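Chemist:
In the working numbering, the protein residues as written are 23 to 284.
(1) Whole angstroms is fine: what's the gap from residue 158's alpha carbon to residue 124's?
(2) Out of 261, 137, 43, state which residue places its alpha-carbon closest to the alpha-carbon of residue 180.
(3) On the CB-based measure, 16 or more other CB atoms within 10 Å of its CB, does residue 151 come out buried or exposed?
(4) If I measure Cβ to Cβ from residue 197 and keep anything under 6 Å in the same chain, skipping five residues before and after, which residues do I get?
(5) Would a C-beta distance cut-off of 8 Å place residue 160 and residue 187 closer than the cut-off?
(6) Check whether the Cβ atoms of residue 53 and residue 65 lie closer than 8 Å to each other.
(7) DSSP on residue 161, reduced to helix/strand/coil?
(8) Buried or exposed: where does residue 24 fall if 16 or more other Cβ atoms within 10 Å of its Cβ makes it buried?
(9) Rounded to whole angstroms, what's the CA-CA distance from residue 49 to residue 140? Just pull it up for me.
(10) For residue 28, name the three-state secondary structure that DSSP assigns.
(11) Bridge partners of residue 52, per DSSP?
(12) What are the start and end residues of the alpha helix (DSSP H) that includes residue 143?
(13) Straight-line CA distance for residue 149 to residue 185?
(14) How big is the Cα-Cα spacing for residue 178 and residue 258?
(15) Just to confirm the assignment: which complete beta strand (DSSP E) runs, minimum length 3, are found wholly within the segment 69-115?
(16) Consult DSSP for residue 59 and reduce its assignment to one of helix, strand or coil.
(17) Rounded to whole angstroms, what is the Cα-Cα separation between residue 79 and residue 89?
(18) With distances taken Cα to Cα, identify the nearest neighbour of residue 289 among 260, 35, 126, 91.
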């Protein structure tokens, strides 16, 4: 088995997910990719392998019972212990407009938390014990701008996103003495090359074969498909991937990338 460190990308979309994979691959990491559909995996793997990056891909919906553990086990079996995790699963349906906060019920908030927060907590339980034992490792959690800016139109996903951010920062405080870095990346804007960016700029409602897209860009839903994009609202995924690197190495604990002027 290789002695190179392993990076796990949960939410391997064509925008930020793949930019993160390439960024860590340049640093000598092997890469495990996870997304809901395998349709685009061959192209992703070819991309990484062309740059000399050893990579594997697993199709899994990490919000389904047992799927997160299975995907981690499969990547571990192929590449060895996981050193860094990028946690960025995307929306189930990027083209769906969310309900507003005034229409949000307790059940809606619980359902949003189950999508956004539950997998994040499960992930920590699966990978942190090994990282703490080894005295090294990192998790970078991605949330949307509603974690720090009130966005009423996002309804139940606003409190869920804020909960994810708080969870990440609280974990960071708890794990730093063990040599493990937990980072929070808050993304406010359209991620270039990502599925939601393609959906909105194309002006129609198909978000790509996978549908997993890039997480953390819940602010994108300020615009409906086909609408004009606010100037400067697009974020470069390669720049965001650099931020993920800084968070994983402990250079920063949180990065807020707000291109929306809110």
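For each residue, glycine too, the CB sits at the ideal point set by N, CA and C.
Just so it is clear, the structure is predicted and the values come from calculations on it, not from any experiment.
Modeler: In brief:
(1) Rounded to the nearest whole angstrom, the C-alpha separation of residue 158 and residue 124 is 44 Å.
(2) Looking only at 261, 137, 43, the smallest Cα-Cα distance to residue 180 is reached by 137.
(3) Exposed, by the Cβ-count rule.
(4) Once the five neighbours on either side are set aside, the close Cβ partners of residue 197 are 204.
(5) Result no, Cβ atoms of residue 160 and residue 187 do not sit closer than 8 Å.
(6) It is not a contact, given that the beta carbons lie outside the stated cut-off.
(7) The three-state secondary structure of residue 161, taken from DSSP, is strand.
(8) Looking at its Cβ environment, which holds fewer than 16 other Cβ atoms inside 10 Å, residue 24 is exposed.
(9) For residue 49 and residue 140, the distance between alpha carbons rounds to 30 Å.
(10) Here residue 28 sits in strand by DSSP.
(11) According to DSSP, which records beta bridges pairwise, residue 52 is partnered with 28.
(12) Per DSSP, residue 143 belongs to the alpha helix (DSSP H) from 140-156.
(13) Between residue 149 and residue 185, the C-alpha separation is close to 20 Å.
(14) C-alpha separation (whole angstroms): 27 Å.
(15) Those beta strand (DSSP E) runs which fall completely within the segment 69-115 and span 3+ residues are 77-81, 106-109.
(16) Looking at residue 59 - three-state DSSP - the assignment turns out to be coil, as it is neither helix nor strand.
(17) Those two C-alpha atoms are separated by around 14 Å.
(18) Outside the modelled stretch of the chain, which goes from 23 to 284, sits residue 289, for which no answer is possible.
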